[in-house]
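A.B. asks: Structure incoming, see below.
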Amino acid sequence: MSDKTTCDHIVQAADQLFYRQGYEHTSFSDIADAVQISRGNFYY
-10 MSDKTTCDHI
0 VQAADQLFYR
10 QGYEHTSFSD
20 IADAVQISRG
30 NFYY
């Protein structure tokens, strides 16, 4: 019914990256790149 929010996209991308790369090898930059937002927006 409702569209996914940016937060939903971030959580989904992080989950996939953690599964593939492991938590310790996944950076904020990796997640931001996966959802196509700047790192600045990610931290904001």
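Using our numbering, the first residue of the sequence shown is number -10, and each one after it goes up by one.
Glycine residues also receive a C-beta, built at the ideal position from the N, C-alpha and C atoms.
#1: State the DSSP-derived secondary structure class of THR(-5), mapped to helix, strand or coil.
#2: By a C-beta neighbour count over all protein chains shown, 10 Å radius and 16 as the cutoff for buried, is MET(-10) buried or exposed?
#3: For the alpha helix (DSSP H) that contains ILE20, what are its first and last residues?
#4: What is the rounded straight-line gap between the Cα of GLU13 and the Cα of GLN5?
C.D. replies: Considering the structure as presented:
#1: Assignment of THR(-5) by DSSP, reduced to helix, strand and coil, places it in the helix class.
#2: Residue confidence is low: MET(-10) scores 43 on pLDDT, short of 50, so the model does not pin down where it sits. No coordinate-derived value is stated.
#3: 17 to 23
#4: CA-CA distance, GLU13 to GLN5, rounds to 13 angstroms.
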